[in-house]
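Written below as structure tokens is the structure these notes are about.
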Amino acid sequence: METLSPSSSSISARRESVTFDEFSMQQSLLFTDSLKDLKNLRSQLYSAAEYFELSYSKDEQKQIVMNTLKDYAVKALVNTVDHLGSVSYKVNGLIDEKVDEVYGAELRVSCIEQRIRTCQMHIDQEGRAQQSLVIAAPKFHKRYIIPVDEPLPESGRKATAVNQERSFRPKEDMESQQFRADFCSSLRDRPPSFRKMRSLSPSPTMRARSASPRKGRSPSPSPRPGKWTTDKRAISPLPTANPLARSGSFSVRPAVLNSSNSARQLPVVAHKSVSMKLHSERNDNKEIERLPSKSKSFLKTLLSRRRSRKDEMLYSYIDEY
Amino acid sequence: MARAGGITNAVNVGIAVQADWENREFISNISLNVRRLFEFLLQFEATTKSKLACLNEKLDVLERRLEVLEVQVSTASANPSVFT
Numbered sequence: 001m002e003t004l005s006p007s008s009s010s011i012s013a014r015r016e017s018v019t020f021d022e023f024s025m026q027q028s029l030l031f032t033d034s035l036k037d038l039k040n041l042r043s044q045l046y047s048a049a050e051y052f053e054l055s056y057s058k059d060e061q062k063q064i065v066m067n068t069l070k071d072y073a074v075k076a077l078v079n080t081v082d083h084l085g086s087v088s089y090k091v092n093g094l095i096d097e098k099v100d101e102v103y104g105a106e107l108r109v110s111c112i113e114q115r116i117r118t119c120q121m122h123i124d125q126e127g128r129a130q131q132s133l134v135i136a137a138p139k140f141h142k143r144y145i146i147p148v149d150e151p152l153p154e155s156g157r158k159a160t161a162v163n164q165e166r167s168f169r170p171k172e173d174m175e176s177q178q179f180r181a182d183f184c185s186s187l188r189d190r191p192p193s194f195r196k197m198r199s200l201s202p203s204p205t206m207r208a209r210s211a212s213p214r215k216g217r218s219p220s221p222s223p224r225p226g227k228w229t230t231d232k233r234a235i236s237p238l239p240t241a242n243p244l245a246r247s248g249s250f251s252v253r254p255a256v257l258n259s260s261n262s263a264r265q266l267p268v269v270a271h272k273s274v275s276m277k278l279h280s281e282r283n284d285n286k287e288i289e290r291l292p293s294k295s296k297s298f299l300k301t302l303l304s305r306r307r308s309r310k311d312e313m314l315y316s317y318i319d320e321y
Numbered sequence: 001m002a003r004a005g006g007i008t009n010a011v012n013v014g015i016a017v018q019a020d021w022e023n024r025e026f027i028s029n030i031s032l033n034v035r036r037l038f039e040f041l042l043q044f045e046a047t048t049k050s051k052l053a054c055l056n057e058k059l060d061v062l063e064r065r066l067e068v069l070e071v072q073v074s075t076a077s078a079n080p081s082v083f084t
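Taken in order, these protein sequences are the chains called D and H.
If you count the first sequence from 1, position 284 lands on 284 in the UniProt record's numbering, and the numbers rise without skipping.
If you count the second sequence from 1, position 4 lands on 4 in the UniProt record's numbering, and the numbers rise without skipping.
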């Protein structure tokens, strides 16, 4: 039974196909017959109309002719409606079937187009890959080549590590190294700074100044344009070679002011000390307390200015107060 | 006798008028149905024409696409080195 089942299924399929073909053939025959009837309906109606007209005029039983004509007209109308309904239904079915077939054909064509597009994409990718393989990419060394004549600074594993670092060092590092070397050479050529000179100064007064509470203070601020600073620097009683003259602040050197401007610049000194409060808050209270004593010392320095210009003692006196 | 003849004539005329009205009603019904049938035929023609036009357009588009595909296939078959 199992072996016969495929053959039976194929036979049934053939029968179904045969029956479907027969059914479609019958439907098509009926459709053609109905179309022929519709075509002949016009001539039949005309012939019936002529017959009834003659019989109505010749025959004496007109009522019977009239009744027969009525029945024939009704039946003809009904048959016409029936034929037209069947024909229109079949025409609609045929058109829908053709539309479905066209949709199926469009779908198949779309599938074929998609396949062709996919094939085209694969062909393009393959061509691109082939062309990219043809182009030879340039190869560069991963590290710089050190000349053979240049000796290695060190040997062994450490030396190779240093060489690798050197080889991977970028250009900016090389420039910064060069700048650092130049800076060190310039520092060697420069004279020692004032702070160093002050720390290395052999005089006791310098040591006293370095031991004063102003020791940790930053250097004097940048010179401001104005009359006060130029006058102070012009008539400074201290020797110009003395580095302490630059390291001192404005508030601790009121003695260097001119006598003609002393009365006017006393508040300036006070204002300056107040302004310095903003920069250094830790010495503000001490400076405000020292302001009268500084004015006194300022007068004393004016009086003792004519005695001698080399007044190391006066400087020590100012520092003590 | 004259009165009876007049009455029968009036009855006959009344019957004839009634039959005439019945015939007129029948003819109007038949003409109305024929008009409806004619309207149906006109509507059917219009819908069938529109469907056929749409189908014709689709068939034209499908024909062009098939022509394009045919040209592509012929081009590909003419250059077999592309597929190698």
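Just so you know, even glycine gets a beta-carbon here, dropped at the ideal spot from N, CA and C.
Predicted model only: the values in this text are computed from it and were never measured.
Requested in this report: Assuming residue 54 (chain D) contacts residue 80 (chain D) (C-beta within less than 8 Å), just tell me the rounded distance between them.
Outcome: Here residue 54 (chain D) corresponds to residue number 54 of the first sequence, with the count starting at 1. Here residue 80 (chain D) corresponds to residue number 80 of the first sequence, with the count starting at 1. Between residue 54 (chain D) and residue 80 (chain D), the beta carbon gap of about 23 Å keeps them out of contact (Cβ cut-off 8 Å).
**Report entry** Same chain, Cβ closer than 6 Å to residue 37 (chain D), neighbours up to 5 away in sequence not counted
**Finding:** By one-based count along the first sequence, residue 37 (chain D) stands at place 37. These residues qualify, in order along the chain: 83.
Query raised in the report: So does the segment 104-117 of chain D actually touch the segment 60-73 of chain D, counting three or more Cβ pairs closer than 8 Å?
Result: no
Query - Under 9 Å from the C-beta of residue 80 (chain D): neighbouring residues of chain H - result: Taking the first residue of the first sequence as 1, we reach residue 80 (chain D) at position 80. Near residue 80 (chain D) (Cβ distances below 9 Å), the residues of chain H are 34 and 37.
Report task. Report the rounded CA-to-CA distance for residue 15 (chain D) versus residue 21 (chain D), giving the unit in angstroms. Result -> In the first sequence, the residue the question calls residue 15 (chain D) occupies position 15. In the first sequence, the residue the question calls residue 21 (chain D) occupies position 21. Distance between the alpha carbons of residue 15 (chain D) and residue 21 (chain D) is about 10 Å.
Query raised in the report: Should residue 73 (chain D) be flagged as near chain H, meaning a C-beta pair shorter than 8 Å?
Result: The sequence position of residue 73 (chain D) within the first sequence is 73, counting from 1. Cβ-Cβ to chain H under 8 Å: yes for residue 73 (chain D).
Query raised in the report: Hey, would you say residue 55 (chain H) sits closer than 8 Å to residue 102 (chain D), going by beta carbons?
Result: For the purposes of this step, residue 55 (chain H) is taken as the residue at position 55 of the second sequence. For the purposes of this step, residue 102 (chain D) is taken as the residue at position 102 of the first sequence. Against a cut-off of 8 Å, the Cβ pair of residue 102 (chain D) and residue 55 (chain H) comes out as a contact.
Query raised in the report: On the three-pair Cβ rule with 8 Å, is the segment 57-66 of chain D touching the segment 90-107 of chain D?
Result: Verdict: no, contact absent.
Query - Below-8 Å beta-carbon distance, residue 97 (chain D) vs any chain H residue - result: If you number the first sequence from 1, residue 97 (chain D) lands on position 97. So no, residue 97 (chain D) is outside the interface.
Query - CB contact below 8 Å: residue 58 (chain H) versus chain D - result: Here residue 58 (chain H) is taken as the residue at index 58 of the second sequence, counted from 1. Cβ-Cβ to chain D under 8 Å: yes for residue 58 (chain H).
Requested in this report: Answer with buried or exposed for residue 73 (chain D), where buried requires no fewer than 16 other C-beta atoms within 10 angstroms of its C-beta.
Outcome: Residue numbering aside, residue 73 (chain D) sits at position 73 when the first sequence is read from its first letter. Under this definition residue 73 (chain D) is a buried residue.
Requested in this report: Would you mind sorting residue 298 (chain D) into buried or exposed? The rule is 16 or more other CB atoms within 10 Å of its CB.
Outcome: Along the first sequence, read from residue 1 onward, the residue named residue 298 (chain D) stands at position 298. Classified as buried, residue 298 (chain D) has 16 or more neighbouring CB atoms from the shown chains inside 10 Å of its CB.
Report task. Could you give the DSSP three-state label for residue 143 (chain D): helix, strand or coil? Result -> Taking the first sequence and counting its residues from 1, the one referred to as residue 143 (chain D) is at position 143. DSSP places residue 143 (chain D) in coil when its eight states are reduced to three.
Query raised in the report: So which residues of chain H does residue 64 (chain D) contact, with C-beta pairs closer than 8 Å?
Result: Position 64 of the first sequence, counted from the first residue, corresponds to residue 64 (chain D). By Cβ distance, chain H contributes nothing, its closest Cβ being about 13 Å from residue 64 (chain D), past 8 Å.
Query raised in the report: Is there a Cβ from chain H that is less than 8 Å from the Cβ of residue 57 (chain D)?
Result: In the first sequence, the residue the question calls residue 57 (chain D) occupies position 57. Judged by the 8 Å Cβ criterion, residue 57 (chain D) is not in contact with chain H.
Requested in this report: Using a threshold of 8 Å, state whether the C-beta atoms of residue 65 (chain H) and residue 99 (chain D) are closer than that.
Outcome: Locating residue 65 (chain H) in the second sequence gives position 65, where the first residue counts as 1. Locating residue 99 (chain D) in the first sequence gives position 99, where the first residue counts as 1. Residue 65 (chain H) places its beta carbon 8 Å or farther from that of residue 99 (chain D).
Query raised in the report: Could you give the C-beta distance for residue 91 (chain D) and residue 48 (chain H), rounded to a whole number, given that I count them as a contact under 8 Å?
Result: Along the first sequence, one-based indexing puts residue 91 (chain D) at 91. Along the second sequence, one-based indexing puts residue 48 (chain H) at 48. Right, the Cβ-Cβ distance comes to about 6 Å (below 8 Å), so this counts as a contact.
Query raised in the report: By the criterion of Cβ-Cβ separation under 7 Å, what are the contact partners of residue 129 (chain D) in chain H?
Result: On the first sequence, residue 129 (chain D) is found 129 positions in, with the first residue counted as 1. Neighbours of residue 129 (chain D) on chain H: none; closest Cβ ~15 Å, over 7 Å.
Requested in this report: Output, in chain order, the set of chain D residues within a Cβ distance shorter than 9 Å of residue 42 (chain H).
Outcome: Sequence index remark: in the second sequence, residue 42 (chain H) carries index 42 (1-based). Here the premise fails: no neighbours, minimum Cβ distance about 12 Å.
Query raised in the report: Buried or exposed: residue 301 (chain D), going by 16 or more other Cβ atoms within 10 Å of its Cβ?
Result: Numbered from its first residue, the first sequence carries residue 301 (chain D) at position 301. Buried is the call here.
**Report entry** Reduced DSSP category for residue 91 (chain H) - H, G, I as helix; E, B as strand; rest coil
**Finding:** One cannot answer for residue 91 (chain H) here, as it falls past the ends of chain H, which runs 1 to 84.
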